[in-house]
Amino acid sequence: MTFWSLWWVWMAGALVLAILEVVVPAQVFLGFAIGAALVGLALLVGIPGLAGSLPALALAFAVASLLAWVLVRRLMGIRKGQVKHFDHDINED
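Position one of the sequence shown corresponds to residue 237 (our numbering), numbered consecutively onward.
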């Protein structure tokens, strides 16, 4: 069995990405962490076609990460009609 087809490798990667999200607050790594966790769960459950194929794993990770990122942006992003505005410039005294 290859290294990338082990479920715990994907879960460890999800944990590292989640910790990175806490350290670097950009709401980007959280989508990747959720995608990696979903792929890890799919491998743990035994979804057919994923275990031995790196392209299938990469595609599943990409699709899951994209969907998770869109969901995270929708739930935690700026609401419709809400606009960021600044009262002063940081370079002014």
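Cβ atoms here follow ideal geometry from the backbone N, Cα and C, with glycine treated the same way.
Check	Outcome
If I measure Cβ to Cβ from F268 and keep anything under 6 angstroms in the same chain, skipping five residues before and after, which residues do I get?	L253 and S301
If A287 sits next to S241, beta carbons under 8 angstroms apart, how far is it from one beta carbon to the other, in whole angstroms?	5 angstroms
Considering only their Cβ atoms, is the gap separating W244 from V275 smaller than 8 angstroms?	no
Considering only the beta carbon of each residue, do F265 and L256 sit closer than 8 angstroms?	yes
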